[in-house]
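Participant: Encoded as structure tokens, here's the structure I'll be asking about.
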Amino acid sequence: MSLSLRPRWRNCVLKPDPEIREIDRWEDRIAPLPPNVSRIRELISTLELCHHKAGRWIQNILEAIGAGDTQKGLGTRSPDHGHPAEGIWQNTCAALSAWCAGSPASPLTVMIDTVPAAQMLAGLGERSPLKEWQVYRVIEKIRSVIHWPRSCEDPTTQYVWLLLGGEGNEMMFRDRCPQPYLEHEDFWQATVRTLLHDTVDGCPAVLSLGLAIDMLWPCHWRFSENLRIVLGAIGGSLHPEQPFTACGRNIACTPLRRQMETISNTLRVFASGTDTNQEMHAAILVILGVPTETKRWLAASLDKTIRLQLDPPPDIRALSRLEGPDWINQE
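Be aware that the sequence shown starts at 304, since it is given in my numbering, and climbs by one per residue.
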């Protein structure tokens, strides 16, 4: 059997460990997987605990394992139904666009989540060409999510990464200005060389403003605070009170951590058939129903995915620091 990482683990690890190999061997024993089981496993493969609705995402997976099928997943929402948080994202873009246009009065009554837009914009300070260019990049980042998946192919809604590059799990950093930004290369240089000073897992860290904008996902559970940090950095405040959180960066800060640990413990008991002294959630066992080989394999896969996202392996931790390439510190 190949020792390479199977695509099913793409959301939590870069290379397989012994436990993953055992779960993969388990999959081989029950293969071929029928379409309904593949749909459930794909739902696990798209789980992101940093998502603002991660709790509901987990519930969908548990219910799918218990029912034996799912109609949930990325891209399954009807085109007639926008994302529930789209109003917040639209308000954010409207407030930022008004600021760039020199209309500070416009966003006075606009709210960004639970924060008045005027309060959020105060961190930007006085307008300048550089600040306006940086704020427009923030707007483009947010709009690319609003218009997903069309933004993946439509140049008018596509976000051009400031510093991140690469494909799939092979994350790389740019070493030169992207072609669309060449007209304002001095702004791009100033943005990626601006360094925020915060912490990662409690340890001092630095973060390029370019990377912070790249990783400013509006679907993140801490979007409002991350936005405040980015706008503050554009305004010159480079020592935020709270650390910037994105994907695996500072995942320990998630308010769902204890709940996810309990769910993980329960899944492990269901998959293994053995008891544990750790905290469990009996209601989850009811949702999962009668154990079968397929259900136990799915439960083991979900358990491992949760644990890897809550406590990433060293290579993922290194990526999640997102400090950027060495050249941004060089003159």
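From the three backbone atoms N, C-alpha and C, an ideal C-beta is built for every residue, glycine too.
Are I449 and W392 closer than 8 angstroms when you measure CB to CB?
Facilitator: As a first step, residue 449 is located in the sequence shown; it is residue number 146 there, counting from the start. As a first step, residue 392 is located in the sequence shown; it is residue number 89 there, counting from the start. Yes. Within cutoff.
Participant: Quick one: is E486 buried, meaning 16 or more other Cβ sit within 10 Å of its Cβ, or exposed?
Facilitator: Along the sequence shown, one-based indexing puts residue 486 at 183. Answer is exposed; the Cβ neighbour count stays below 16.
Participant: Quick one: is T395 buried, meaning 16 or more other Cβ sit within 10 Å of its Cβ, or exposed?
Facilitator: Residue 395 sits at position 92 when you count from the first residue of the sequence shown. Buried, because 16 or more other Cβ atoms sit within 10 Å of the Cβ of T395.
Participant: Let me know if H355 comes out buried or exposed under the rule of 16 or more other beta-carbons within 10 Å of its beta-carbon.
Facilitator: Translated into positions along the sequence shown, residue 355 becomes position 52. Around the beta carbon of H355, a 10 Å sphere encloses 16 or more other beta carbons of the protein chains shown; the residue is thus reported as buried.
Participant: Report all residues from its chain with a CB closer than 6 angstroms to the CB of P483; omit the five preceding and five following residues, and keep chain order.
Facilitator: Position 180 of the sequence shown, counted from the first residue, corresponds to residue 483. Cβ contact annotation for P483 (same chain, cutoff 6 angstroms, sequence separation greater than five): V463, in chain order.
Participant: Tell me the rounded alpha-carbon separation between T417 and L346.
Facilitator: Taking the first residue of the sequence shown as position 1, residue 417 is located at position 114. Taking the first residue of the sequence shown as position 1, residue 346 is located at position 43. Distance between the alpha carbons of T417 and L346 is about 30 angstroms.
Participant: Ordered along the chain, which non-local residues of its own chain (more than five positions away) have a Cβ less than 8 angstroms from that of A367?
Facilitator: On the sequence shown, position 64 is the one that residue 367 refers to. Residues of the same chain with a CB within less than 8 angstroms of the CB of A367, apart from the 5 flanking positions on each side, are R342, I343, L346, T373 and K375 in chain order.
Participant: Using only the alpha-carbon positions, how far apart do P319 and L308 sit?
Facilitator: By one-based count along the sequence shown, residue 319 stands at place 16. By one-based count along the sequence shown, residue 308 stands at place 5. So the alpha carbons of these two residues sit roughly 5 angstroms apart.
Participant: Quick check: what's the CA-CA separation for V509 versus T349?
Facilitator: Within the sequence shown, the letter at position 206 stands for residue 509. Within the sequence shown, the letter at position 46 stands for residue 349. Cα to Cα, the separation comes out at about 29 angstroms.
Participant: Using a Cβ-Cβ cutoff of less than 6 angstroms, which residues in the same chain neighbour R440 once the five nearest sequence positions on both sides are dropped?
Facilitator: Position 137 of the sequence shown, counted from the first residue, corresponds to residue 440. Closer than 6 angstroms at Cβ, skipping near neighbours: I516.
Participant: According to the Cβ coordinates, are D478 and W329 closer than 8 angstroms?
Facilitator: Taking the sequence shown and counting its residues from 1, one reaches residue 478 at position 175. Taking the sequence shown and counting its residues from 1, one reaches residue 329 at position 26. Cβ atoms of D478 and W329: not closer than 8 angstroms.
Participant: So G428 packs on G538, CB below 8 angstroms; how close in whole Å?
Facilitator: Along the sequence shown, one-based indexing puts residue 428 at 125. Along the sequence shown, one-based indexing puts residue 538 at 235. G428 to G538, Cβ: 4 angstroms. Contact.
Participant: With distances taken Cα to Cα, identify the nearest neighbour of V316 among N339, M518, E351 and V340.
Facilitator: Position 13 of the sequence shown holds residue 316. Of the candidates N339, M518, E351 and V340, the one whose C-alpha sits nearest the C-alpha of V316 is E351.
Participant: What distance in whole Å lies between the Cβ atoms of H584 and T565, which are believed to be in contact at a cut-off of 8 angstroms?
Facilitator: Along the sequence shown, read from residue 1 onward, the residue named residue 565 stands at position 262. Along the sequence shown, read from residue 1 onward, the residue named residue 584 stands at position 281. So it is a contact: roughly 5 angstroms between Cβ atoms.
Participant: Could you check what DSSP says for F476 in three-state terms: helix, strand or coil?
Facilitator: For the purposes of this step, residue 476 is identified with residue 173 of the sequence shown, where counting begins at 1. Note: F476 maps to strand in three-state DSSP.
Participant: State the Cα-Cα distance for the pair V340 and D331, rounded to the nearest angstrom.
Facilitator: Along the sequence shown, read from residue 1 onward, the residue named residue 340 stands at position 37. Along the sequence shown, read from residue 1 onward, the residue named residue 331 stands at position 28. Distance between the alpha carbons of V340 and D331 is about 13 angstroms.
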